[in-house]
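Colleague: Handing you a structure now.
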Amino acid sequence: MLSTHWYPVARIQDVSNAPQRVTLLDVNMALYKTESGEIHLVRDICPHRGVPLTKGWVDGEEIVCPYHGLRYNAEGKCTQIPAQPELTKISDRFSLTKFPVVQRYGLIWTSIHGRDVTQANIPVLDTWDDAEHQAILPPFVDIGGSSGRQLEGFIDVAHFAWVHHNAFANRDNPVVP
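full-length UniProt numbering puts the sequence shown at residues 1 to 177.
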């Protein structure tokens, strides 16, 4: 059920032509930008030998596997196997698993199983384009903890005065509003 929803996986400003790994619901993905500026998200594994594509590079409009140099186009189709240059038809079994990309609110959004971008259940931020809207997009932080524990800490405001007194809270005012 979670895999049909849409999630932000990166800030647009952080995407480059160097493939970078992002993980969503334990699925490793390679996020990269091609020479034309198009952003792509594919499963971070070459279907040939299972090598992470994030160890590879982008050449023009294609991502290149670092192990045998297989090249994949924007649709995820293998376009070249350098060790077999005479091949004119490459099996679809060599195709990458692609994930949809939606650029919204300064973020890259995707879904593992919700492939139709017109049906993306991304929250609506009505004020985003207003001149007085101040967007704050901090860098991602990888927290070694369960999401449930993080949520629990976030909504437990009674701990603020004791744990965060050096940052923004006040031990002299521990009352929860």
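The beta-carbon is built from N, C-alpha and C at its ideal position, and this holds for glycine as well.
Tell me the DSSP bridge mates of R11?
Modeller: For the purposes of this step, residue 11 is identified with residue 11 of the sequence shown, where counting begins at 1. In the DSSP output, where bridge partners are listed per residue, R11 has L107.
Colleague: Our contact map puts A161 next to P174 with C-beta atoms below 8 Å; I'd like the distance itself, whole angstroms only.
Modeller: Start at 1 with the first residue of the sequence shown, and residue 161 comes out as number 161. Start at 1 with the first residue of the sequence shown, and residue 174 comes out as number 174. Indeed they touch by this definition, with Cβ atoms about 4 Å apart.
Colleague: According to DSSP, is I63 helix, strand or coil?
Modeller: The residue labelled residue 63 in the question sits at position 63 within the sequence shown. DSSP places I63 in strand when its eight states are reduced to three.
Colleague: Starting from T23, follow its DSSP beta bridges and name the residues at the other end.
Modeller: Locating residue 23 in the sequence shown gives position 23, counting from the first residue. Partner(s): N28.
Colleague: Can you tell me which of the three DSSP states V157 falls into?
Modeller: Counted from its first residue, the sequence shown places residue 157 at position 157. Helix.
Colleague: Cβ atoms of Y72 and S95: under 9 Å apart, would you say?
Modeller: Within the sequence shown, the letter at position 95 stands for residue 95. Within the sequence shown, the letter at position 72 stands for residue 72. Contact flag set, yes.
Colleague: Quick check: what's the CA-CA separation for A169 versus R149?
Modeller: As a position in the sequence shown, residue 169 is number 169, starting the count at 1. As a position in the sequence shown, residue 149 is number 149, starting the count at 1. Distance between the alpha carbons of A169 and R149 is about 21 Å.
Colleague: Grab me the residues of L25's own chain with a C-beta within less than 7 Å of its C-beta, minus the 5 sequence neighbours each way, in chain order.
Modeller: Your numbering for residue 25 matches position 25 in the sequence shown. Excluding residues within five positions, the ones whose Cβ falls inside 7 Å are L2, S3, I112.
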